[in-house]
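Sequence lines, in order, name chains A and B.
Offset between the first sequence (1-based) and my numbering: plus 20.
Offset between the second sequence (1-based) and my numbering: plus 20.
A virtual CB, placed ideally from N, CA and C, is assigned to each residue, including glycine.
Number of protein chains: 2
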Amino acid sequence: MPQKTENRRRKPLQSRSRQTVEAILEAAAQILESHGPEQGNTNRIAQRAGVSIGTLYQYFPNKEALYAELARRFIDAQSAETERAFATLPLRPTPELVAHFMVTLSQLDTLSPRLQRTLFELPGSQALMVAANARLEAALVKVLAREPDLEGRDLEMIARVLVRAVDGVLRDTTLREPERADDPRLWQELTRLVVGYLEAGAGQPPDEPGRVDPPGG
Amino acid sequence: MPQKTENRRRKPLQSRSRQTVEAILEAAAQILESHGPEQGNTNRIAQRAGVSIGTLYQYFPNKEALYAELARRFIDAQSAETERAFATLPLRPTPELVAHFMVTLSQLDTLSPRLQRTLFELPGSQALMVAANARLEAALVKVLAREPDLEGRDLEMIARVLVRAVDGVLRDTTLREPERADDPRLWQELTRLVVGYLEAGAGQPPDEPGRVDPPGG
DNA sequence: CCGTAATATGAGGCTATCCTCAGGTTCGTC
DNA sequence: GACGAACCTGAGGATAGCCTCATATTACGG
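Put into structure tokens, the structure is as follows:
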């Protein structure tokens with residue numbers, strides 16, 4: 021078990037130490053992005069940041085806290101970016117706009133795939149992800165609420181499915197077939213997925229479209 | 021760095037040792053599922069399996085190889101299960117059948133979420149996942165090829181998008197909102213997603229539906 | 001320019017965990 | 001029942017990586 025230290029974290033007051041903290045976080049991000057989680061040890065991070073290991077532990081009680089802060093910032097930035105993209109959508113998004121939106125999302129995902137992956141694997145970042153997704157889905161609900169065709173349907177559930185489906189495609193692709201992340205055909209199909217979904221059963225009330233019984237006992 | 025050992029792995033010949041190997045793999049799976057990757061150390065695995073640590077290393081050159089074998093079996097089993105489900109689909113799947121299919125998939129994902137997650141995070145299992153997904157997508161292409169409405173469309177791309185979208189929704193949900201994995205409304209929306217997608221632009225040739233330029237220089 | 005607080009240093013203590021190895025036990029066969 | 005091969009044992013060597021702490025350096029107000 022790694023030694024537990026209580027909140028021994030010193031708050032950076034002077035601009036000198038604030039720069040130090042930034043350098044440490046930046047170094048951690050760089051190492052995780054270019055060398056993967058295996059290489060992410062505190063000694064190396066400190067070295068890359070150009071500070072001593074002791075300095076690192078002045079500002080972060082332990083390695084996990086450092087990564088947690090990194091994850092917090094990353095997710096915050098991504099959420100803000102995505103919400104901004106939502107905000108630019110006009111009242112009735114055309115397929116072209118949806119497609120454009122897909123591209124924006126895909127660029128976000130392409131940004132630092134390996135860092136992203138590592139951060140998402142941290143024990144603590146689950147909670148952050150849930151919060152971020154909740155924010156995103158809430159923002160999407162607002163957009164969907166403008167659509168008269170969707171009246172009466174379960175907007176929360178639709179937002180959930182949409183966000184996760186699009187995210188699944190983009191994440192899988194950037195992580196496993198990064199060379200295809202640029203392929204316009206992928207965006208086109210993604211757009212079709214979204215538009216087709218939103219138009220499917222449009223107007224009809226939410227009365228059991230395709231009743232299913234769970235199979236198996 | 022963990023000591024590298026070459027292929028020192030002894031092949032289990034007698035049924036006694038074959039049982040031992042099974043016990044080790046089973047123990048590893050149990051520990052990963054119930055206590056997470058942090059608790060997955062070889063000493064503990066051996067103890068749980070009821071064998072000595074030395075025995076474990078008779079059959080697995082190192083910890084990674086053990087996990088790799090676990091991942092291989094898991095992915096193999098899941099792929100086989102999914103392909104079997106595909107095989108049962110009739111020539112023209114109705115929405116009801118698609119929904120039923122979703123439920124099958126979702127049950128697969130619910131099986132051992134934590135083990136699954138851990139295995140997918142292993143450095144080596146990326147390649148396996150790619151292979152498994154390729155298999156799945158190939159199987160799906162065959163199913164899609166029966167659909168006259170999809171003639172002329174890029175079936176590989178459609179399969180890619182479908183598999184990853186559905187997978188994204190199911191994985192996200194089982195991992196982060198497991199209580200909702202049972203929700204029939206989720207299956208209904210998933211079904212709508214799939215059916216809506218397949219029907220969107222049905223019959224029209226693949227001539228740029230929604231032309232997009234990548235934004236940002 | 002002096003005192004104090006903030007900041008920085010880095011050798012090394014310490015732990016967790018991987019894996020080895022020298023020697024014991026069980027199995028199959030003649 | 002004897003012999004070799006397969007199988008098992010577990011104390012501990014080796015190492016990677018977290019984090020401490022005693023000490024040094026820098027910033028800043030008076």
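Put simply, the backbone Cα of A151(B) is about 18 Å away from that of L190(A). Apart from sequence neighbours up to five positions away, the residues of its chain that approach G60(B) with a beta-carbon distance below 6 Å are I51 and L52, ordered along the chain.
Looking at R93(B), M177(B) and R166(B), the one whose alpha-carbon comes closest to that of E157(B) is M177(B).
Straight across, the Cα-Cα distance linking G216(A) with L213(B) is about 7 Å. Below the 7 Å Cβ cutoff, chain B contributes R212, L213, G216 and Y217 as neighbours of Y217(A), in chain order.
The beta carbons of T211(A) and A201(A) sit no closer together than 8 Å. Membership of D187(B) in the alpha helix (DSSP H) is indicated by the continuous run L175 to R196. In terms of beta-carbon proximity, Q146(B) lines the interface with chain A, with at least one pair separated by less than 8 Å.
Taking the Cα positions, I95(B) is about 7 Å away from M149(B). Taken in chain order, the members of the stretch 186 to 203 of chain B whose beta-carbon sits within less than 9 Å of a beta-carbon on chain A are V186, D187, G188, V189, L190, R191, D192, T193, L195, R196, E197, R200, D202 and D203. Neighbours of E209(A) across chain B, judged by C-beta separation under 7 Å: M177, I178 and V181.
Between the stretch 90 to 110 of chain A and the stretch 159 to 168 of chain A there are three or more inter-stretch CB-CB distances shorter than 8 Å, so the stretches are counted as touching. For the pair H120(A) and R184(A), the Cα-to-Cα distance works out to about 18 Å. Here T102(B) is actually not in contact with L139(B); their C-beta atoms are around 16 Å apart, not less than 8 Å. Per DSSP, the continuous alpha helix (DSSP H) segment holding E103(B) begins and ends at K83 to A107. Listed in chain order, the non-local C-beta contacts of A220(A) below 8 Å within the same chain number zero, local neighbours out to five positions each way being set aside. With its beta carbon less than 8 Å from one in chain A, L206(B) belongs to the interface.
In terms of beta-carbon proximity, A220(B) lines the interface with chain A, with at least one pair separated by less than 8 Å. Closer than 8 Å to the CB of V150(A) there is at least one CB belonging to chain B. Neighbours of R38(A) in chain B, taken as residues whose beta carbon is under 7 Å from its own, are absent, since the nearest beta carbon is some 30 Å off.
By the neighbour-count criterion, in which 16 or more other beta carbons inside 10 Å mark a residue as buried, R173(B) falls on the buried side. In the same chain as R38(A), and ignoring 5 residues on each side of it, the C-beta atoms closer than 7 Å to its own belong to P32, in chain order. Taking S145(A) as the centre and dropping the five residues before and after it, the same chain places the C-beta of A91 and L139 closer than 6 Å to its C-beta, in chain order. The C-alpha of A147(A) is placed about 23 Å away from the C-alpha of Y79(A).
Comparing C-alpha distances from A154(A) to each of A100(A), D192(A) and D129(A) shows the shortest one belongs to A100(A). Using a Cβ-Cβ cut-off of 7 Å, E141(B) is close to E141 of chain A, given in chain order. The beta-carbon separation of G70(B) and A43(B), rounded to 6 Å, stays under the 8 Å limit for a contact.
With distances taken between CA atoms, Q98(B) lies nearest to D187(B) out of R196(B), E209(B), P198(B) and D187(B).
Contacts with chain B at 8 Å (Cβ-Cβ) include R184(A). A residue is called buried when at least 16 other Cβ atoms come within 10 angstroms of its Cβ; T114(B) does not meet this threshold and is exposed. At least 8 Å separates the beta-carbon of T62(B) from that of L45(B).
Of the residues P133(B), E141(B), E58(B) and L206(B), the one whose Cα lies closest to the Cα of R196(B) is P133(B).
Per the coordinates, the alpha-carbon of R29(B) lies some 27 Å from the alpha-carbon of R137(B).
For D169(B), none of the residues of chain A pass the 8 Å Cβ criterion, the least Cβ distance being about 13 Å. With respect to L135(B), A49(B) sits close: the two C-beta atoms are nearer than 8 Å.
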